[in-house]
Amino acid sequence: MSKIEEAKKKASETAVKDWLQDGQIIGVGSGTTIEYAVEAIAHKVSTEKFRIKCVPTSFQARDLCVKHNLELTSLDIHHKLSVAFDGADEVDESLTLIKGGGGCLLQEKIVASSAANFIVLVDERKCSKNLGTQWTKGLPIEVVPMAIKPVQIRIKEVLGGNPLLRPAGTKMGPQLTDNGNFLLDWHFDPQANYDWRKVEDTLLHMPEWNFG
Numbered sequence: 000m001s002k003i004e005e006a007k008k009k010a011s012e013t014a015v016k017d018w019l020q021d022g023q024i025i026g027v028g029s030g031t032t033i034e035y036a037v038e039a040i041a042h043k044v045s046t047e048k049f050r051i052k053c054v055p056t057s058f059q060a061r062d063l064c065v066k067h068n069l070e071l072t073s074l075d076i077h078h079k080l081s082v083a084f085d086g087a088d089e090v091d092e093s094l095t096l097i098k099g100g101g102g103c104l105l106q107e108k109i110v111a112s113s114a115a116n117f118i119v120l121v122d123e124r125k126c127s128k129n130l131g132t133q134w135t136k137g138l139p140i141e142v143v144p145m146a147i148k149p150v151q152i153r154i155k156e157v158l159g160g161n162p163l164l165r166p167a168g169t170k171m172g173p174q175l176t177d178n179g180n181f182l183l184d185w186h187f188d189p190q191a192n193y194d195w196r197k198v199e200d201t202l203l204h205m206p207e208w209n210f211g
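190 is the number that numbering that gives the first Met the number 0 gives to position 191 of the sequence shown; each next residue is one higher, with no gaps.
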């Protein structure tokens, strides 16, 4: 195991040790670091007989929970979560995040917003002074398919940069999210000194999209 993987594993184990308690309903995010968190959660369940129910944020997260014999539930049944564990693509000095590089951003945000505590697991490679420095693949924006062109035009007009439709990796056409939507990756200048609260507000007032 590389030093980076060891660091991710240790960070995940520490977070689970500090935040997981018996009887909790928790959110389980997506990504490679979360795999170590799920292993740590499963170890608690197995060795300390913790009674935990998990709300996954994606198909991948659901598979991880099933693989480790963790009990699943949903927000339909449990509307409020004690804690949600997730990763991020980049974190700046103000703890502003880019998330959703794996394409699960909408469900990740829904689960995170339902949790009393949101724990983000990242290694040092994902920390930067300005967003867009380490993560150079663009800010993921989930868009209803019929609105792709209007949204692309609107982003360029209001925010600048270059919003690109994300292609699928193994088939022709665009990548689909778990919700059947398309993804735009908005490439922006890391030195542009964006006010990210204003960017968030701008995007949230566009009904055709959701962003990471």
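Just so it is clear, CB atoms sit at the ideal spot from N, CA and C, and this is done for glycine as well.
Which class does residue i belong to by DSSP, given the choice of helix, strand or coil?
{"i": "I51", "result": "coil"}
{"i": "S1", "result": "coil"}
{"i": "L138", "result": "strand"}
{"i": "P189", "result": "coil"}
{"i": "V157", "result": "helix"}
{"i": "S11", "result": "helix"}
{"i": "A83", "result": "strand"}
{"i": "A115", "result": "strand"}
With distance defined between alpha-carbon atoms, name the residue in the options nearest to residue i.
{"i": "L74", "options": "G168, E4, V54 and C126", "result": "V54"}
{"i": "L19", "options": "S29, A39, C126 and S1", "result": "A39"}
{"i": "L175", "options": "T13, G22, L80 and L104", "result": "L104"}
{"i": "L183", "options": "W195, D194, E141 and M171", "result": "E141"}
{"i": "D200", "options": "I154, A10, Y35 and T135", "result": "I154"}
{"i": "P162", "options": "T135, R61 and M171", "result": "T135"}
{"i": "L120", "options": "W195, M0, T31 and S1", "result": "T31"}
{"i": "F187", "options": "V198, N178 and D177", "result": "V198"}
{"i": "E123", "options": "A167, A115 and Q133", "result": "Q133"}
{"i": "D62", "options": "H42, A6 and V27", "result": "V27"}
{"i": "Q151", "options": "M205, A60 and C126", "result": "M205"}
{"i": "R50", "options": "A41, L164 and T56", "result": "A41"}
{"i": "K16", "options": "V37, K2, A191 and E5", "result": "V37"}
{"i": "S127", "options": "M0, S93 and A146", "result": "S93"}
{"i": "A60", "options": "G102, D21 and K148", "result": "G102"}
{"i": "Y193", "options": "G131, M171, A115 and S57", "result": "G131"}
Output the boundary residues of the alpha helix (DSSP H) element that contains residue i.
{"i": "I109", "result": "L104 to S112"}
{"i": "V228", "result": "This structure leaves residue 228 out entirely; the chain is present only between 0 and 211."}
{"i": "V27", "result": "Element bounds for V27: not the alpha helix (DSSP H) but the beta strand (DSSP E), I24 to V27."}
{"i": "R196", "result": "W195 to L203"}
Along the chain, where does the beta strand (DSSP E) that runs through residue i open and close?
{"i": "D184", "result": "F181 to H186"}
{"i": "P162", "result": "N161 to L164"}
DSSP has residue i in a bridge; who is on the other side?
{"i": "L96", "result": "V90"}
{"i": "L120", "result": "G86"}
{"i": "P173", "result": "P166"}
{"i": "E70", "result": "K52"}
Assuming residue i contacts residue j (C-beta within less than 8 Å), just tell me the rounded distance between them.
{"i": "I33", "j": "F84", "result": "6 Å"}
{"i": "A157", "j": "N180", "result": "Going by the sequence as given, residue 157 is Val instead of Ala. The pair is not a contact, with the Cβ atoms about 20 Å apart (cut-off 8 Å)."}
{"i": "D88", "j": "N129", "result": "At roughly 14 Å, the Cβ-Cβ gap does not stay under 8 Å, so D88 and N129 are not in contact."}
{"i": "R81", "j": "I24", "result": "In the sequence as presented, Arg is not what sits at residue 81; that position holds Ser. Their Cβ separation, rounded to whole angstroms, is 6 Å, which keeps S81 and I24 in contact under 8 Å."}
{"i": "I97", "j": "L138", "result": "6 Å"}
{"i": "K66", "j": "Y35", "result": "Rounded, the Cβ-Cβ distance is 13 Å, inconsistent with contact."}
{"i": "K52", "j": "H77", "result": "7 Å"}
{"i": "V44", "j": "L71", "result": "Between L71 and V44 the Cβ distance is about 13 Å, and since that is not below 8 Å, they are no contact."}
When you measure from the CB of residue i to every non-hydrogen atom of the ligand ZN, does any distance come out below 6 Å?
{"i": "C103", "result": "Looking at this structure, you won't find the ligand ZN or any other ligand, since it has none at all."}
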